[in-house]
Amino acid sequence: MYELVKKAVRLRVEGAEHVPVSGPLLLASNHLSITDSTFLPMAVARHVTFMAKAEYFTGQGPLGRFVSWFMSRDGQVAVDRDDKRAAVASLEPCLAVLRRGDAFAIYPEGTRSPDGRLYRGRTGVAWLALKSGAPVVPVAMFGTERVLPPGSVIPRPARVRVVFGKPVQLAPIATDPDSARERRAATDAIMTAIGELSGQEYVPRYARS
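Sequential numbering from 1 applies to the sequence shown in UniProt numbering.
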(Lines of atoms letter the chains of each structure in order from A and count residues from 1; the text may use other names and numbers.)
(Lines give C-alpha, C1' and ligand atoms only; values in the text may rest on other atoms or scores of the structure.)
Protein backbone atom coordinates (compact mmCIF):
# COMPACT_ATOMS: atom_id res chain seq x y z
CA MET A 1 0.00 0.00 0.00
CA TYR A 2 2.81 2.41 0.91
CA GLU A 3 4.45 1.87 -2.50
CA LEU A 4 1.09 2.30 -4.25
CA VAL A 5 0.59 5.63 -2.50
CA LYS A 6 4.05 6.85 -3.49
CA LYS A 7 3.53 5.83 -7.12
CA ALA A 8 0.08 7.42 -7.33
CA VAL A 9 1.11 10.83 -6.04
CA ARG A 10 3.25 13.71 -7.21
CA LEU A 11 4.66 15.32 -4.09
CA ARG A 12 5.82 18.93 -4.01
CA VAL A 13 7.55 20.38 -0.96
CA GLU A 14 7.88 24.09 -0.19
CA GLY A 15 9.63 25.83 2.68
CA ALA A 16 11.93 22.93 3.57
CA GLU A 17 14.53 25.48 4.63
CA HIS A 18 12.38 26.20 7.70
CA VAL A 19 12.73 22.63 8.99
CA PRO A 20 15.75 22.03 11.26
CA VAL A 21 17.68 18.93 10.22
CA SER A 22 18.54 18.03 13.82
CA GLY A 23 17.41 18.74 17.36
CA PRO A 24 13.89 18.74 18.81
CA LEU A 25 11.20 19.78 16.36
CA LEU A 26 7.44 20.14 16.70
CA LEU A 27 5.53 20.08 13.40
CA ALA A 28 1.97 21.43 13.70
CA SER A 29 -0.17 20.63 10.67
CA ASN A 30 -3.69 20.94 9.33
CA HIS A 31 -5.38 17.58 8.84
CA LEU A 32 -7.28 16.72 5.66
CA SER A 33 -6.80 12.98 5.23
CA ILE A 34 -5.56 9.78 6.80
CA THR A 35 -2.74 9.99 4.24
CA ASP A 36 -1.33 13.16 5.83
CA SER A 37 0.73 10.93 8.10
CA THR A 38 2.26 9.31 5.02
CA PHE A 39 3.17 12.44 3.09
CA LEU A 40 4.38 14.66 5.90
CA PRO A 41 7.27 12.30 6.79
CA MET A 42 8.09 11.97 3.08
CA ALA A 43 8.54 15.76 2.97
CA VAL A 44 10.93 15.86 5.93
CA ALA A 45 14.52 14.64 5.75
CA ARG A 46 14.31 12.97 9.19
CA HIS A 47 12.19 10.50 11.11
CA VAL A 48 8.91 11.91 12.40
CA THR A 49 6.80 10.50 15.23
CA PHE A 50 3.06 11.23 15.31
CA MET A 51 0.25 11.27 17.82
CA ALA A 52 -2.65 9.32 16.33
CA LYS A 53 -6.08 8.29 17.56
CA ALA A 54 -6.19 4.78 19.03
CA GLU A 55 -8.61 3.56 16.34
CA TYR A 56 -5.80 3.78 13.77
CA PHE A 57 -4.00 0.95 15.58
CA THR A 58 -6.92 -1.48 15.41
CA GLY A 59 -8.21 -0.93 11.87
CA GLN A 60 -9.95 -3.64 9.85
CA GLY A 61 -9.91 -4.34 6.12
CA PRO A 62 -6.99 -3.71 3.73
CA LEU A 63 -6.75 0.02 4.43
CA GLY A 64 -7.24 -0.37 8.18
CA ARG A 65 -4.57 -3.06 8.41
CA PHE A 66 -2.14 -0.93 6.40
CA VAL A 67 -2.70 2.06 8.66
CA SER A 68 -2.31 -0.10 11.78
CA TRP A 69 0.93 -1.56 10.42
CA PHE A 70 2.25 1.86 9.43
CA MET A 71 1.50 3.39 12.83
CA SER A 72 3.00 0.51 14.78
CA ARG A 73 6.07 0.24 12.56
CA ASP A 74 6.98 3.88 13.02
CA GLY A 75 6.45 3.93 16.78
CA GLN A 76 3.56 6.37 16.68
CA VAL A 77 1.83 7.42 19.91
CA ALA A 78 -1.78 6.25 20.36
CA VAL A 79 -4.30 8.52 22.06
CA ASP A 80 -7.79 7.63 23.29
CA ARG A 81 -9.75 10.79 22.49
CA ASP A 82 -12.81 9.57 24.41
CA ASP A 83 -10.87 9.35 27.68
CA LYS A 84 -9.71 12.82 28.74
CA ARG A 85 -7.29 11.52 31.36
CA ALA A 86 -5.75 9.07 28.91
CA ALA A 87 -5.47 11.81 26.29
CA VAL A 88 -3.60 14.06 28.72
CA ALA A 89 -1.35 11.19 29.82
CA SER A 90 -0.51 10.43 26.18
CA LEU A 91 1.27 13.79 25.93
CA GLU A 92 4.07 12.52 28.17
CA PRO A 93 5.53 10.06 25.60
CA CYS A 94 5.20 12.82 23.00
CA LEU A 95 7.22 15.12 25.24
CA ALA A 96 9.82 12.37 25.63
CA VAL A 97 10.26 12.28 21.84
CA LEU A 98 11.06 16.00 21.82
CA ARG A 99 13.33 15.82 24.85
CA ARG A 100 15.51 13.22 23.20
CA GLY A 101 15.99 15.62 20.29
CA ASP A 102 13.67 14.05 17.73
CA ALA A 103 10.90 15.37 15.49
CA PHE A 104 7.27 15.07 16.52
CA ALA A 105 4.20 15.97 14.45
CA ILE A 106 0.75 16.80 15.74
CA TYR A 107 -2.59 17.80 14.25
CA PRO A 108 -3.86 20.47 16.68
CA GLU A 109 -7.43 20.14 15.39
CA GLY A 110 -7.49 16.67 16.94
CA THR A 111 -9.21 15.05 13.97
CA ARG A 112 -9.50 15.36 10.21
CA SER A 113 -11.40 18.37 8.93
CA PRO A 114 -14.92 17.22 7.99
CA ASP A 115 -15.31 19.87 5.29
CA GLY A 116 -11.89 21.23 4.34
CA ARG A 117 -12.02 24.16 6.76
CA LEU A 118 -9.53 24.77 9.57
CA TYR A 119 -10.95 24.26 13.05
CA ARG A 120 -9.99 25.49 16.51
CA GLY A 121 -6.82 23.90 17.85
CA ARG A 122 -6.62 21.89 21.05
CA THR A 123 -4.04 23.11 23.51
CA GLY A 124 -1.89 19.97 23.73
CA VAL A 125 0.29 21.41 20.97
CA ALA A 126 1.04 24.47 23.11
CA TRP A 127 1.76 22.36 26.19
CA LEU A 128 4.31 20.34 24.22
CA ALA A 129 5.89 23.44 22.73
CA LEU A 130 6.16 25.34 26.01
CA LYS A 131 7.24 22.33 28.04
CA SER A 132 9.94 21.21 25.60
CA GLY A 133 11.12 24.53 24.18
CA ALA A 134 11.19 22.89 20.73
CA PRO A 135 10.70 25.13 17.69
CA VAL A 136 7.17 24.94 16.30
CA VAL A 137 7.06 24.75 12.51
CA PRO A 138 3.57 25.22 11.00
CA VAL A 139 2.64 22.90 8.13
CA ALA A 140 -0.06 23.06 5.46
CA MET A 141 -1.11 19.96 3.56
CA PHE A 142 -2.78 20.31 0.15
CA GLY A 143 -4.43 17.61 -1.96
CA THR A 144 -4.11 14.66 0.41
CA GLU A 145 -7.89 14.34 0.65
CA ARG A 146 -7.95 13.38 -3.05
CA VAL A 147 -5.57 10.43 -2.61
CA LEU A 148 -7.94 8.31 -0.52
CA PRO A 149 -11.43 9.84 -0.55
CA PRO A 150 -13.88 8.45 2.03
CA GLY A 151 -14.76 4.86 1.19
CA SER A 152 -11.74 4.31 -1.07
CA VAL A 153 -9.12 1.63 -0.45
CA ILE A 154 -6.98 2.12 -3.56
CA PRO A 155 -4.87 5.31 -3.76
CA ARG A 156 -5.86 7.65 -6.59
CA PRO A 157 -3.47 9.74 -8.70
CA ALA A 158 -3.17 13.20 -7.19
CA ARG A 159 -0.86 16.12 -6.68
CA VAL A 160 0.06 16.71 -3.06
CA ARG A 161 1.79 19.79 -1.73
CA VAL A 162 3.39 20.13 1.70
CA VAL A 163 4.28 23.67 2.77
CA PHE A 164 6.41 24.49 5.83
CA GLY A 165 6.35 27.94 7.38
CA LYS A 166 8.75 29.85 9.58
CA PRO A 167 8.83 28.71 13.22
CA VAL A 168 6.12 30.31 15.33
CA GLN A 169 7.55 32.69 17.92
CA LEU A 170 5.75 31.87 21.16
CA ALA A 171 7.97 33.67 23.69
CA PRO A 172 6.17 37.04 23.36
CA ILE A 173 2.83 35.26 23.77
CA ALA A 174 3.29 32.49 26.31
CA THR A 175 5.94 30.83 28.48
CA ASP A 176 4.02 28.85 31.12
CA PRO A 177 2.76 25.40 30.03
CA ASP A 178 0.66 25.15 33.20
CA SER A 179 -1.34 28.29 32.42
CA ALA A 180 -4.56 27.51 30.54
CA ARG A 181 -4.73 31.09 29.32
CA GLU A 182 -1.20 31.00 27.91
CA ARG A 183 -1.72 27.57 26.35
CA ARG A 184 -4.79 28.90 24.56
CA ALA A 185 -2.96 32.02 23.36
CA ALA A 186 -0.05 29.94 22.06
CA THR A 187 -2.38 27.46 20.37
CA ASP A 188 -4.29 30.25 18.65
CA ALA A 189 -1.00 31.70 17.37
CA ILE A 190 -0.02 28.31 15.97
CA MET A 191 -3.40 27.87 14.27
CA THR A 192 -3.11 31.36 12.77
CA ALA A 193 0.26 30.40 11.29
CA ILE A 194 -1.18 27.19 9.84
CA GLY A 195 -4.12 29.09 8.38
CA GLU A 196 -1.88 31.66 6.75
CA LEU A 197 -0.09 28.83 4.95
CA SER A 198 -3.15 26.79 4.01
CA GLY A 199 -5.57 29.59 3.16
CA GLN A 200 -8.39 27.60 4.77
CA GLU A 201 -11.46 29.25 6.20
CA TYR A 202 -11.16 29.24 10.00
CA VAL A 203 -13.91 27.88 12.23
CA PRO A 204 -13.66 29.01 15.90
CA ARG A 205 -14.92 25.74 17.35
CA TYR A 206 -13.60 22.21 17.67
CA ALA A 207 -14.04 19.81 14.78
CA ARG A 208 -16.10 16.69 15.29
CA SER A 209 -14.85 13.41 13.89
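By construction, the Cβ of each residue, glycine as well, lies at the ideal position given by its N, Cα and C atoms.
Quickly, what does DSSP pair residue i with across the bridge? List them, please.
| i | result |
| --- | --- |
| residue 50 | 105 |
| residue 14 | 163 |
| residue 119 | 203 |
| residue 79 | 53 |
| residue 168 | According to DSSP, residue 168 bridges with nothing at all. |
| residue 9 | 158 |
Taking the beta strand (DSSP E) that residue i belongs to, which residues open and close that run?
| i | result |
| --- | --- |
| residue 27 | 25 to 29 |
| residue 137 | 136 to 142 |
Would you call the CB atoms of residue i and residue j closer than 9 Å?
| i | j | result |
| --- | --- | --- |
| residue 206 | residue 122 | yes |
| residue 116 | residue 32 | yes |
| residue 170 | residue 136 | yes |
| residue 111 | residue 53 | yes |
| residue 40 | residue 22 | no |
| residue 155 | residue 43 | no |
| residue 142 | residue 27 | no |
| residue 51 | residue 77 | yes |
| residue 183 | residue 126 | yes |
| residue 218 | residue 160 | Nothing about residue 218 can be reported from this structure: the residues present for the chain run from 1 to 209 only. |
| residue 97 | residue 38 | no |
| residue 130 | residue 94 | no |
For residue i, count neighbouring Cβ atoms within 10 angstroms of its own Cβ and tell me buried if that reaches 16, exposed if not.
| i | result |
| --- | --- |
| residue 100 | exposed |
| residue 190 | buried |
| residue 153 | exposed |
| residue 133 | exposed |
| residue 88 | exposed |
| residue 16 | exposed |
Just curious, the alpha helix (DSSP H) that residue i is in, first and last residue?
| i | result |
| --- | --- |
| residue 185 | 180 to 198 |
| residue 155 | That residue, residue 155, is in no alpha helix (DSSP H); it is neither H nor E in DSSP. |
| residue 125 | 124 to 132 |
| residue 37 | 36 to 42 |
| residue 95 | 91 to 99 |
Measuring straight from C-alpha to C-alpha, what distance separates residue i and residue j?
| i | j | result |
| --- | --- | --- |
| residue 60 | residue 175 | 42 Å |
| residue 179 | residue 193 | 21 Å |
| residue 157 | residue 35 | 13 Å |
| residue 12 | residue 107 | 20 Å |
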